[in-house]
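Scroll down for the structure; my scribbles are underneath it.
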Amino acid sequence: MSEHTAPADSLVLYGQTFQSRLLLGTSRYPSPPVLEAAVARAQPAMVTAALRRPGRNAAEVAETGASFWELLRKLNVPVLPNTAGCMTIQEAVTTAQMAREVFDTPWIKLELIGDDYTLQPDTLNLVEAASILIKDGFQVLPYCTEDLVLCQRLVDVGCQAVMPWAAPIGTGRGPANPYAMQTLRERLNVPLIVDAGLGRPSHACQVMEWGFDGVLLNCRGLVRRPRAHCRRFCRCHASRARRLPGRRHGRANRRPTQHACFGHTVLAPCLIPTFKPWRTASSATTAPPLV
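Sequential numbering of the sequence shown, starting at 181, is according to my numbering.
Next comes the structure, spelled out in structure tokens:
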């Protein structure tokens with residue numbers, strides 16, 4: 181991570197430059213050595229970490245958390261704390277503030293869950309939560325859907341990057357709404373990192389080719405075979421080359437023009453038909469002059 185001048189086509193988030201466009205999740209790995217091997221292979225820009233609250237086995241949770249924290253420090257990769265599992269604005273804000281103290285970082289991946297079964301974001305309260313954290317000095321990366329209006333509102337309140345999903349978490353089905361995602365990329369001028377729904381390297385290649393700036397991975401295949409899958413996903417950087425300047429790309433949509441509004445009076449002059457009858461009422465009753 182660097183704050184100096186960014187090389188060409190580097191990932192820049194909140195003014196900081198990252199050498200990789202891959203963010204890596206840290207949950208569901210079978211063991212710490214497997215996680216360590218995956219991170220070593222992927223060399224991600226950041227790794228995510230959730231702040232867990234002690235339950236019944238507080239001592240066990242504390243011991244596990246301490247060992248996990250030592251592992252994160254050993255990996256020497258920037259940590260992106262998240263607010264996983266938070267269902268209310270206050271819970272998300274409190275968790276973010278605790279994470280800032282624990283991990284000593286202003287970065288936060290804002291997750292505000294609206295449905296605990298599909299883990300779909302709470303789109304009605306996400307913008308307000310993001311606004312509160314931005315004003316509190318956080319560098320917020322909000323997890324959201326591919327809804328254009330929602331993402332625009334997040335940018336309006338100060339988010340300098342957005343993390344839309346490709347599909348619901350855990351499905352691994354790839355981009356479920358390609359049209360919406362391409363429209364999102366076309367309309368927003370901030371970094372977009374695909375957060376969920378990517379189950380195959382080809383899915384990551386597809387969104388990178390559309391011009392998305394990065395991907396966050398924590399899929400089942402990556403957990404089962406971390407080295408092989410990290411190697412394949414890392415090759416997705418090449419797909420962005422197809423989106424660089426100098427190449428032509430079809431637009432996801434076209435802005436409607438007045439020429440298309442045939443149901444209204446606003447028509448382009450060239451589309452208004454001009455009738456030139458060869459015979460008028462006057463010519464029908466008046467004989468042509470004799471020569």
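C-beta: ideal position from N, C-alpha, C; glycine also. Computed from a prediction, not measured in an experiment: that's the story for all the values here.
- Taking C-alpha positions only, Ile314 is separated from Ala279 by approximately 15 Å.
- Of the other Cβ atoms in all chains shown, 16 or more fall within 10 Å of the Cβ of Tyr209; this residue is therefore buried.
- Per the coordinates, the alpha-carbon of Lys289 lies some 7 Å from the alpha-carbon of Tyr323.
- Nearest neighbour of Thr285 by Cα position, chosen from Ser311, Glu271, Val227 and Leu292, turns out to be Val227.
- In this structure, the beta-carbon distance from Cys331 to Leu364 falls below 8 Å.
- Beta-carbon to beta-carbon, Val387 and Ala346 are separated by about 6 Å, close enough to satisfy the 8 Å threshold.
- Residue burial annotation: Asn262 is buried, with at least 16 other C-beta atoms found within 10 angstroms of its C-beta.
- By the Cβ rule, the stretch 288-307 does not count as touching the stretch 353-362, because fewer than three pairs are nearer than 8 Å.
- A residue is called buried once 16 or more other Cβ atoms fall within 10 Å of its Cβ, and Arg201 is buried on that count.
- Around the beta carbon of Leu334, 16 or more other beta carbons lie within 10 angstroms, which makes this residue buried.
- Taking all protein chains in view, the Cβ of Gly205 is crowded by 16 or more other Cβ atoms within 10 Å, so the residue is classified as buried.
- Under the DSSP definition of a beta bridge, Trp249 lacks any partner.
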